[in-house]
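Chemist: Just so we're on the same page, this note's numbering is the position in the sequence shown counted from 1, plus 14.
Just so it is clear, CB atoms sit at the ideal spot from N, CA and C, and this is done for glycine as well.
Since we're looking at a predicted model, the values are computed, not measured.
Following this message is one structure expressed as structure tokens.
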Amino acid sequence: GQQPTPSYPSGPAVNPSMPSTTTPVVIILPGQVGHRGTIQDFPGFNALNDAEVLRKAMKGFGTDENAIIECLGNRSCKQRQQIALAFKTAYGKDLVKDLKSELSGHFEKTILAMIKSPPMYDVSEIKEAMKGAGTDEACLIEIFASRSNAEIHEITRLYKQEHKKTLEEAIRSETSGHFERLLISLAQGNRDESTNVDMSLVKRDVQELYAAGENRLGTDESKFNAILCARSRTHLKAVFEDYQRTLNRDIEKSICREMSGDLEHGMLAVVKCIKNTPAFFAERLNKAMKGAGTKDKTLIRILVSRSEVDLLDIRREYKRLYGKSLYTDITGDTSGDYRKILLKLCGGND
15 GQQPTPSYPS GPAVNPSMPS TTTPVVIILP GQVGHRGTIQ DFPGFNALND
65 AEVLRKAMKG FGTDENAIIE CLGNRSCKQR QQIALAFKTA YGKDLVKDLK
115 SELSGHFEKT ILAMIKSPPM YDVSEIKEAM KGAGTDEACL IEIFASRSNA
165 EIHEITRLYK QEHKKTLEEA IRSETSGHFE RLLISLAQGN RDESTNVDMS
215 LVKRDVQELY AAGENRLGTD ESKFNAILCA RSRTHLKAVF EDYQRTLNRD
265 IEKSICREMS GDLEHGMLAV VKCIKNTPAF FAERLNKAMK GAGTKDKTLI
315 RILVSRSEVD LLDIRREYKR LYGKSLYTDI TGDTSGDYRK ILLKLCGGND
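Structure (structure tokens):
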């Protein structure tokens, strides 16, 4: 089964004598499963009963959207898969096809996303991000920067199975230059996953990053790539803190000064995701709703894909960063059944 990825809240400062600005939070290490999602398994679950509820909601004239929201919005992803199977078993019909013919718009997109397994949903979002004329680079980076090695391996396997070409071939055909190299590095799913920190190696990486960026004319992007894509999250957190302490520079500021375009955005996303994954997603959600027009794809993807992982942490960070709750912003930015299902995933007001 899909283990939810552990969330990585910002840990306390590496050097205990340095006062930590963040409130200490429990670090959930890989291996422990952090249930920081808003959606849990529904107790007393019965797949056949739910299949019948959905069939009734779609049968005859008109559709009972509320029944669909109440049913699917209160079940875990694994349970939704079982409902789809029970639906086919009982009625000889495909639940996804039936929902497609009954629903529309962003509401339909959200419901269909909820029925896919997490790795299948990632695969379809990656495929979608590379379709047509433009490439949605931010979506690609968001997925590759935030998933564990095991999840990336599963995405790679499923991508090939579904699309008859490798994920790497797809990335190469849609991106180029240092940004392509960053994506391909992340897509290996080969980041060191140990949790111990060797301070001498941390200091060496800090010096190498300084030498590759701020301390030379031009930038050695491949050095940034090697350190940011291969080192463990725990190690990199220590590197970023030591970089700040030793050079009095924020690593993010250095990246902004040294790089531009997709590469800059990509490297920044990797750094933010490692520093504080829930805050990274909170910022993506805020950007998706800010200004004219809502980037619904991003909104749907984050709420669906994090609802069983760390959406509670994302909500907490959202409130801390923007002074209002994610719930309030979703309410103000969406409407109708689409709003109802997103709020269901959001799970509550803060």
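1. Looking only at C-alpha atoms, which of P292, F75 and A159 sits nearest to E322?
2. By the three-class DSSP mapping on this structure, what secondary structure does V47 have?
3. With a floor of 4 residues, list each alpha helix (DSSP H) that falls wholly inside the region 209-286, ordered by position along the chain.
4. Determine, using beta-carbon pairs with one atom in the region 95-104 and one in the region 64-78, whether at least three such pairs fall under 8 Å.
5. What does the alpha-carbon distance come out to for the pair I241 and D219?
6. Since T77 and L117 are thought to touch, with beta carbons under 8 Å apart, how far apart are those beta carbons, to the nearest angstrom?
7. Relative to the alpha-carbon of K237, which residue among N262, M213, T348 and M273 has its alpha-carbon at the smallest distance?
8. Can you grab the Cα-Cα spacing for the pair E228 / T260, in whole Å?
9. In its own chain, which residues sit with a C-beta less than 7 Å from the C-beta of G45, not counting the 5 before and 5 after it?
10. Along the chain, where does the alpha helix (DSSP H) that runs through I82 open and close?
11. State the DSSP-derived secondary structure class of T308, mapped to helix, strand or coil.
12. Using the three-state DSSP reduction, which class does M144 fall into: helix, strand or coil?
13. Leaving out five residues on either side along the sequence, give the residues of the same chain with a beta carbon under 7 Å from the beta carbon of K358.
14. Could you tell me whether the Cβ atoms of E151 and H279 are closer together than 8 Å?
15. Apart from the five residues just before and just after H192, which ones in its own chain have a Cβ nearer than 6 Å to its Cβ?
16. Measure the alpha-carbon distance for K201 versus L317 and round it to whole angstroms.
17. Which class does T36 belong to by DSSP, given the choice of helix, strand or coil?
18. What number of angstroms, rounded off, separates the C-alpha of T124 from the C-alpha of K102?
19. With a Cβ-Cβ cutoff of 8 Å, do V216 and V253 count as a contact?
20. Tell me whether E142 is buried or exposed, calling it buried when 16 or more other Cβ atoms sit within 10 Å of its Cβ.
21. What does a CB cutoff of less than 7 Å around S199 pick up in its chain, not counting 5 residues either side in sequence?
22. Does S115 pass the burial test, meaning 16 or more other C-beta atoms within 10 Å, or should it be called exposed?
23. So, for E182: in the same chain, excluding its five sequence neighbours on each side, which residues have a beta-carbon less than 7 Å away from its beta-carbon?
24. Which residues in the same chain as G361 place their Cβ atom closer than 6 Å to its Cβ, once the five residues preceding and following it in sequence are excluded?
25. With 16 other CB atoms within 10 Å as the buried threshold, where does F75 fall?
26. Taking the straight line between their C-alpha atoms, what separation do you get for N290 and F59?
27. Excluding the five sequence neighbours on either side, which residues of its own chain have a C-beta within less than 8 Å of the C-beta of F158, listed in chain order?
28. Have a look at Q93 and D206 and give me their C-alpha separation to the nearest angstrom.
29. Residues in its own chain within less than 6 Å of R89 by CB, not counting five upstream and five downstream?
30. Shortest alpha-carbon distance to A306 belongs to which of E297, D347, G337 and A127?
31. How would you label T209, buried or exposed, when you count the other beta carbons within 10 angstroms and need 16 or more for buried?
Modeler: The relevant details are as follows:
1. P292
2. Confidence in V47 is poor, its pLDDT being 46 and thus under 50, which makes the residue's placement unreliable; the coordinate value appears in the next sentence. Reduced to three states, the DSSP call for V47 is coil.
3. 213-226, 235-244, 247-261 and 265-272
4. yes
5. 7 Å
6. 7 Å
7. M273
8. 13 Å
9. Per-residue confidence for G45 stands at a pLDDT of 36, beneath the threshold of 50, marking its modelled position as unreliable; no derived number is given.
10. E79 to L86
11. coil
12. coil
13. I83 and G87
14. yes
15. E235 and L277
16. According to the sequence displayed, residue 201 carries Ala and not Lys. Distance between the alpha carbons of A201 and L317 is about 23 Å.
17. Confidence at T36 is low in this model, with a pLDDT of 43, below 50, so the placement of that residue is unreliable and no value is reported for it.
18. 21 Å
19. yes
20. exposed
21. N239 and C243
22. exposed
23. I198 and A201
24. T52
25. exposed
26. 34 Å
27. I166, L197, L200 and A201
28. 33 Å
29. F56
30. D347
31. exposed
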